[in-house]
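S.K.:
There are 2 protein chains.
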Amino acid sequence: MNANFVDTRIPDVGKPRVIVVGGGFGGLELVKALRSVDVQVVLFDKNNHHTFQPLLYQVATSGLETTSIVYPFRKKFGKQRNFYFRLGEVLSVNTQEKYVQTSVGALHYDYLVLATGTITNFHGMQDIAKHSFSLKTIQDAVALRNRIIKNFELALLAPDDETRNAYMDYIIVGGGPTGVEIAGALAELKNRIFPKDYPELDLLEMDIHVVESGDRLLGVMSDEAGKKSQEFLEKMGVKIHIKNRITAYNGEEATFLDGTKMRTKTLIWAAGVTAKPLDGLPKESIVRGNRLKVNPFLQVEGFEDIFAIGDIGAVITTETPNGHPQLAPPAMQQANILAKNIKNILAHKPLKAFHYKDKGSMATVGRNRAVVDMGKFKFQGFFAWFVWMFVHLMSIVGFKNRFLVLMSWMWSYFSYDRSNRLIIGNLGQEDLPEPPKEKEKEA
Amino acid sequence: MNANFVDTRIPDVGKPRVIVVGGGFGGLELVKALRSVDVQVVLFDKNNHHTFQPLLYQVATSGLETTSIVYPFRKKFGKQRNFYFRLGEVLSVNTQEKYVQTSVGALHYDYLVLATGTITNFHGMQDIAKHSFSLKTIQDAVALRNRIIKNFELALLAPDDETRNAYMDYIIVGGGPTGVEIAGALAELKNRIFPKDYPELDLLEMDIHVVESGDRLLGVMSDEAGKKSQEFLEKMGVKIHIKNRITAYNGEEATFLDGTKMRTKTLIWAAGVTAKPLDGLPKESIVRGNRLKVNPFLQVEGFEDIFAIGDIGAVITTETPNGHPQLAPPAMQQANILAKNIKNILAHKPLKAFHYKDKGSMATVGRNRAVVDMGKFKFQGFFAWFVWMFVHLMSIVGFKNRFLVLMSWMWSYFSYDRSNRLIIGNLGQEDLPEPPKEKEKEA
Chain X
1 MNANFVDTRI PDVGKPRVIV VGGGFGGLEL VKALRSVDVQ VVLFDKNNHH
51 TFQPLLYQVA TSGLETTSIV YPFRKKFGKQ RNFYFRLGEV LSVNTQEKYV
101 QTSVGALHYD YLVLATGTIT NFHGMQDIAK HSFSLKTIQD AVALRNRIIK
151 NFELALLAPD DETRNAYMDY IIVGGGPTGV EIAGALAELK NRIFPKDYPE
201 LDLLEMDIHV VESGDRLLGV MSDEAGKKSQ EFLEKMGVKI HIKNRITAYN
251 GEEATFLDGT KMRTKTLIWA AGVTAKPLDG LPKESIVRGN RLKVNPFLQV
301 EGFEDIFAIG DIGAVITTET PNGHPQLAPP AMQQANILAK NIKNILAHKP
351 LKAFHYKDKG SMATVGRNRA VVDMGKFKFQ GFFAWFVWMF VHLMSIVGFK
401 NRFLVLMSWM WSYFSYDRSN RLIIGNLGQE DLPEPPKEKE KEA
Chain A
1 MNANFVDTRI PDVGKPRVIV VGGGFGGLEL VKALRSVDVQ VVLFDKNNHH
51 TFQPLLYQVA TSGLETTSIV YPFRKKFGKQ RNFYFRLGEV LSVNTQEKYV
101 QTSVGALHYD YLVLATGTIT NFHGMQDIAK HSFSLKTIQD AVALRNRIIK
151 NFELALLAPD DETRNAYMDY IIVGGGPTGV EIAGALAELK NRIFPKDYPE
201 LDLLEMDIHV VESGDRLLGV MSDEAGKKSQ EFLEKMGVKI HIKNRITAYN
251 GEEATFLDGT KMRTKTLIWA AGVTAKPLDG LPKESIVRGN RLKVNPFLQV
301 EGFEDIFAIG DIGAVITTET PNGHPQLAPP AMQQANILAK NIKNILAHKP
351 LKAFHYKDKG SMATVGRNRA VVDMGKFKFQ GFFAWFVWMF VHLMSIVGFK
401 NRFLVLMSWM WSYFSYDRSN RLIIGNLGQE DLPEPPKEKE KEA
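So the protein lines, in turn, are chains X and A.
Residue numbers for the first sequence, in this note's numbering: 1 to 443.
Residue numbers for the second sequence, in this note's numbering: 1 to 443.
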């Protein structure tokens with residue numbers, strides 16, 4: 001509807017227009033790969049920057065600056081002649097007339113690529129969605145960082161042990177990579193950082209709980225990885241609750257599957273994601289996890305000019321009945337195949353099918369420890385941690401960011417310090433009760 | 001009133017308690033200087049970090065990360081045995097019963113030091129206070145950064161030239177150091193950065209206006225400094241309006257003294273500050289600029305146990321009828337004298353009087369240019385810029401921050417780049433009209 005009075009003002013350059021929706025790993029890689037293709041590339045994103053999601057948990061735990069893991073699109077593609085960017089949200093698509101409706105106007109496409117990724121899946125539990133923290137955006141990370149630090153300032157003022165423990169205890173729901181990594185980072189804060197900052201508090205009172213509904217941690221990885229990560233976390237004092245669930249959370253108290261209750265001011269929800277398909281696409285194209293069913297050429301079921309890559313797309317084949325894992329590597333590999341196929345379409349050549357090369361997966365569990373699966377090779381511990389660091393460092397967008405992250409990591413490693421223990425802005429603090437307010441509530 | 005149900009939980013360690021209100025340059029230096037004094041030091045601040053205000057304008061103009069110019073108090077003083085911190089605002093003082101009332105409870109003091117600095121002075125103009133940007137806090141800086149970048153994204157969508165220019169034009173009110181430095185930084189963005197980011201826009205359309213009510217820029221500095229800074233800014237295309245004022249601003253249009261109007265979405269208010277004296281202090285102690293009248297021993301008029309240092313205090317003598325300039329150096333020098341005097345009081349020794357050693361003042365005007373006054377020595381240009389950088393670098397709190405700032409500066413200098421062109425969070429964007437909303441307004 002905005003189209004009535006706003007115009008995206010994307011010029012018609014007389015070339016086929018490829019609209020890319022979302023600048024995550026898939027979208028970013030696709031724009032780059034279309035560099036040399038004779039098309040107009042238009043990227044829409046709600047942010048003016050790419051976010052390196054795998055390290056959001058380090059921002060949340062004061063390990064990294066926000067600016068080290070986000071990168072402005074215009075800086076990245078400033079020199080790319082065929083690149084256009086608009087800051088806005090794509091709201092719907094008209095597949096007959098071939099245009100998208102966005103928050104900043106309507107725009108015709110010749111080829112539409114959906115790379116919008118996923119959002120946190122609260123499985124319809126509104127109370128949890130309202131009161132919990134998640135880790136999908138840089139805002140989420142800053143909000144959680146503010147909350148963690150403010151928790152300790154408030155713990156100092158707590159009128160009784162229960163209230164103090166509610167501020168100091170953490171529940172992480174979901175034992176996947178995100179849950180494991182945030183638990184490890186919180187344990188590092190508990191064991192190495194906060195004792196220096198809060199001599200008035202007994203940090204042994206800080207409990208970190210990980211709740212996993214499956215029968216082990218890191219279900220997406222190997223048994224070894226799962227067992228070792230649990231061993232590492234327990235060594236650091238993290239309490240693991242396997243085959244358990246959180247069924248309710250009101251911001252003060254969480255309820256477990258068996259009805260037991262636990263007080264905490266901070267519940268971190270890392271228990272699954274769901275895609276958000278664009279309005280205007282047929283229901284038939286939507287499969288499990290709200291992903292879009294695409295063929296091996298990444299074309300959305302029923303369309304030749306609409307594609308989906310990354311987490312939102314599911315290449316449904318006999319080998320992959322549920323599509324590929326929702327990780328960066330498949331998204332980036334799909335982006336490169338798609339760029340080639342768009343070139344092929346323009347040249348009336350046959351399309352290439354996508355085949356996923358699984359390079360393995362990994363997760364870090366605090367200082368000096370990680371778990372890595374690489375095909376047959378499965379290893380854990382210090383060397384795995386080193387591999388984890390190297391792989392992530394190399395994947396970060398932008399030389400300066402890579403440099404900043406390396407510096408911060410070296411600094412933290414040798415100084416046993418986290419430099420960014422900052423409460424900045426009121427992001428995520430709106431819902432943070434000040435002690436006086438609390439009292440009013442009770443009254 | 002919070003004291004009724006919240007307790008600051010500061011233990012009584014059986015030593016004289018010095019409450020320091022505000023962790024700016026003065027407060028920080030005082031806490032440090034009291035390190036070896038046999039007292040309990042309690043710092044109250046609304047933030048959990050010190051802010052290096054002189055570089056806020058570089059955060060606002062994407063030159064520096066927020067984290068490079070803020071520093072957590074607990075990290076700074078973690079090893080200082082007599083240091084206690086509470087995150088909260090001091091609301092009032094009871095001088096009879098000798099306690100302060102804070103947002104996190106009441107607390108008795110033996111010695112109270114007010115170092116709360118100043119807030120922006122809008123001279124009672126509510127519309128300007130509501131719609132303009134200022135540069136006193138890290139939140140201000142991030143809000144302005146978000147706004148500047150969003151302005152250009154919105155300029156791309158502007159339906160007509162007037163609207164586009166309103167997004168691209170800037171009015172800076174106040175030709176003091178802050179106004180001059182932000183103008184210079186905006187000019188750098190206009191000339192070197194944004195042309196790369198926005199090939200679709202003609203950056204010559206970006207106008208930067210500085211409005212100064214006095215008869216020249218940098219009234220606090222020498223004539224040479226004022227003249228040169230104006231010359232530097234005009235070379236960069238900044239328009240200077242001397243002996244002029246902004247009398248009204250509604251968020252869309254600013255009105256000058258002579259009634260002429262100018263459209264802009266961004267008015268930056270750097271036209272003066274005012275102190276905010278604590279409730280409970282006698283009116284007689286409040287002088288020009290809402291500062292507290294203190295004697296050369298920094299005792300607030302009428303008290304022996306309440307002190308004021310930095311911008312909020314005014315040492316009224318025949319030589320300094322209006323107190324000392326509201327800058328970091330006097331604040332820090334006062335902090336050191338006061339620490340000695342508190343020691344002297346405890347030892348029943350006579351108090352030392354404060355004498356300001358003026359080390360000079362400086363301002364930078366974009367790349368390679370600055371103006372410096374050092375007593376008889378007044379110089380401008382490249383060497384002055386070098387001195388400016390060195391002095392600021394050395395004054396930054398924390399080795400890592402110093403290192404990060406140096407790295408960022410070197411990076412920007414050699415790459416002609418600003419790495420932090422980011423819109424993060426919705427800080428300061430609440431009031432940012434989205435194109436659709438705008439239209440509704442018009443309708």
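Every residue, glycine too, gets a C-beta built ideally from N, C-alpha and C.
These figures come from a predicted structure and were not determined experimentally.
For the beta strand (DSSP E) holding Leu267 of chain A, just list the boundary residues, first then last.
M.R.: It spans Thr266 to Trp269 - the beta strand (DSSP E) in which Leu267 of chain A sits, taken as one unbroken run.
S.K.: Can you name the residues that DSSP bridges to Asp7 of chain X?
M.R.: DSSP, once it has assigned bridges, lists X:Ala106 as partnering Asp7 of chain X.
S.K.: In angstroms with no decimal places, state the Cα-to-Cα distance between Ala60 of chain X and Glu224 of chain X.
M.R.: Rounded to whole angstroms, Ala60 of chain X to Glu224 of chain X spans 28 Å at the Cα level.
S.K.: For Leu218 of chain X, which residues of its own chain have a beta-carbon under 8 Å away from its beta-carbon, when the five flanking residues on both sides are left out?
M.R.: Cβ neighbours of Leu218 of chain X beyond the five flanking positions: Gly175, Gly176, Pro177, Val180, Ala225, Gly226, Ser229, Ala363 and Val371.
S.K.: Return the CA-CA distance between Lys441 of chain A and Phe390 of chain A, expressed in angstroms with no decimal places.
M.R.: Confidence at Lys441 of chain A is low in this model, with a pLDDT of 33, below 50, so the placement of that residue is unreliable and no value is reported for it.
S.K.: Flag this pair as yes or no: are the beta carbons of Met91 of chain X and Glu153 of chain A separated by less than 7 Å?
M.R.: Reading off the sequence shown, one finds Leu at residue 91 of chain X, where the question assumed Met. In this structure, Glu153 of chain A does not lie closer than 7 Å to Leu91 of chain X by Cβ.
S.K.: Take Leu56 of chain X as the anchor and find which of X:Pro72, X:Asp169, X:Thr66 and X:Leu107 has the nearest alpha-carbon.
M.R.: Among X:Pro72, X:Asp169, X:Thr66 and X:Leu107, the Cα nearest to that of Leu56 of chain X is on X:Thr66.
S.K.: Residue range of the beta strand (DSSP E) that Arg263 of chain A falls in?
M.R.: Per DSSP, Arg263 of chain A belongs to the beta strand (DSSP E) from Lys261 to Arg263.
S.K.: Mind checking which residues open and close the beta strand (DSSP E) that includes Glu212 of chain X?
M.R.: Unbroken beta strand (DSSP E) run through Glu212 of chain X: Ile208 to Glu212.
S.K.: Just mark Asn48 of chain A as buried or exposed, buried being the case when its beta carbon has 16 or more other beta carbons within 10 Å.
M.R.: Asn48 of chain A is buried by the Cβ-count criterion.
S.K.: Buried or exposed for Asp373 of chain A, please, with buried defined as at least 16 other CB atoms from any protein chain shown within 10 angstroms of its CB.
M.R.: The residue in question, Asp373 of chain A, is buried, as its Cβ has 16 or more Cβ neighbours within 10 Å.
S.K.: Counting only Cβ-Cβ distances shorter than 9 Å, please list the residues of the segment 92-106 of chain X near chain A, keeping chain order.
M.R.: Going along the segment 92-106 of chain X in chain order, one finds Ser103, Val104 and Gly105 with a Cβ nearer than 9 Å to chain A.
S.K.: Counting only Cβ-Cβ distances shorter than 7 Å, please list the residues of the segment 263-287 of chain A near chain X, keeping chain order.
M.R.: Against chain X - using a Cβ distance shorter than 7 Å - the segment 263-287 of chain A contributes no residues.
S.K.: Starting from His392 of chain A, trace the alpha helix (DSSP H) in both directions and tell me its first and last residue.
M.R.: Per DSSP, His392 of chain A belongs to the alpha helix (DSSP H) from Phe382 to Ser395.
S.K.: Would you call the segment 396-411 of chain X in contact with the segment 250-259 of chain X, where contact means no fewer than 3 C-beta pairs closer than 8 Å?
M.R.: Output reads no: the segment 250-259 of chain X does not touch the segment 396-411 of chain X.
S.K.: Is the CB of Ile423 of chain X under 7 Å away from at least one CB in chain A?
M.R.: It does: the Cβ of Ile423 of chain X has a partner Cβ on chain A nearer than 7 Å.
S.K.: Quick one: Cα of Ile423 of chain A to Cα of Phe379 of chain A, how far?
M.R.: Roughly 37 Å between the two C-alpha positions.
S.K.: Kindly list the residues whose CB is nearer than 6 Å to the CB of Gln444 of chain A, restricted to its own chain and excluding five residues on each side of it in sequence; keep chain order.
M.R.: Residue 444 of chain A falls outside the range modelled here, since chain A spans only 1 to 443, and no answer is possible.
S.K.: Can you give me the start and stop residues for the beta strand (DSSP E) that Ala328 of chain X sits inside?
M.R.: No beta strand (DSSP E) holds Ala328 of chain X; the alpha helix (DSSP H) holding it covers Ala328 to Leu346.
S.K.: Among X:Lys75, X:Leu156, X:Arg147 and X:Arg192, whose alpha-carbon lies nearest the alpha-carbon of Tyr170 of chain X?
M.R.: Selected option, being the one with the closest Cα: X:Arg147.
S.K.: For a contact defined as C-beta to C-beta under 9 Å, what are the partners of Val411 of chain X on chain A?
M.R.: Checking the sequence, you will find Trp at residue 411 of chain X rather than Val. By Cβ distance, chain A contributes Lys400 and Phe403.
S.K.: Look at the alpha carbon of Phe414 of chain A and the alpha carbon of Gly302 of chain X, and state the distance between them as a whole number of angstroms.
M.R.: Distance between the alpha carbons of Phe414 of chain A and Gly302 of chain X: 51 Å.
S.K.: With 7 Å as the threshold, decide whether the Cβ of His241 of chain X is near any Cβ in chain A.
M.R.: No, because no Cβ of chain A sits closer than 7 Å to the Cβ of His241 of chain X.
S.K.: Straight-line CA distance for Glu188 of chain X to Trp385 of chain X?
M.R.: Cα to Cα, Glu188 of chain X sits roughly 15 Å from Trp385 of chain X.
S.K.: Let me know the secondary structure DSSP gives Gln96 of chain X once reduced to three states.
M.R.: Coil at Gln96 of chain X, not helix or strand.
S.K.: Assess contact between the segment 104-118 of chain X and the segment 8-27 of chain X, defined as three or more Cβ pairs (one per stretch) separated by less than 8 Å. Is contact present?
M.R.: As far as the Cβ criterion goes, the segment 104-118 of chain X touches the segment 8-27 of chain X, which means the pair count is three or higher.
S.K.: Could you give the distance in angstroms between the alpha-carbon of Lys349 of chain A and the alpha-carbon of Ala166 of chain X?
M.R.: One C-alpha to the other measures close to 49 Å.
S.K.: Report all residues from its chain with a CB closer than 7 Å to the CB of Gln326 of chain X; omit the five preceding and five following residues, and keep chain order.
M.R.: Same-chain partners within the cutoff: Thr118, Val273 and Asp311.
S.K.: Would you please verify whether the beta carbon of Asp197 of chain X is less than 7 Å from any beta carbon of chain A?
M.R.: So, interface residue.
S.K.: Give me, in chain order, the residues of the same chain whose beta-carbon lies closer than 8 Å to that of Ile182 of chain X; leave out the 5 immediate sequence neighbours on both sides.
M.R.: The residues are Tyr57, Ala60, Thr61, Leu135, Ile172, Ile268 and Ala270.
S.K.: Grab me the residues of Pro16 of chain A's own chain with a C-beta within less than 6 Å of its C-beta, minus the 5 sequence neighbours each way, in chain order.
M.R.: Cβ within range, chain order: Val39 and Asp110.
S.K.: Report the rounded CA-to-CA distance for Lys352 of chain A versus Ile337 of chain A, giving the unit in angstroms.
M.R.: Spanning the two alpha carbons is a distance of roughly 7 Å.
S.K.: Go ahead and label Arg145 of chain X buried or exposed: buried means 16 or more other beta carbons lie within 10 angstroms of its beta carbon, across all protein chains shown.
M.R.: Classification of Arg145 of chain X: buried, given that the 10 Å Cβ count is 16 or more.
S.K.: Are the C-beta atoms of Val526 of chain A and some chain X residue less than 7 Å apart?
M.R.: Nothing in the structure corresponds to residue 526 of chain A, since chain A is present only between 1 and 443.
S.K.: I need the DSSP call for Gly323 of chain A, collapsed to helix, strand or coil.
M.R.: Of the three classes helix, strand and coil, the one that applies to Gly323 of chain A here is coil, per DSSP.
S.K.: If you check the beta carbons only, do Leu107 of chain X and Ile10 of chain X fall under 7 Å apart?
M.R.: Their beta carbons are under 7 Å apart, which means Leu107 of chain X touches Ile10 of chain X by this criterion.
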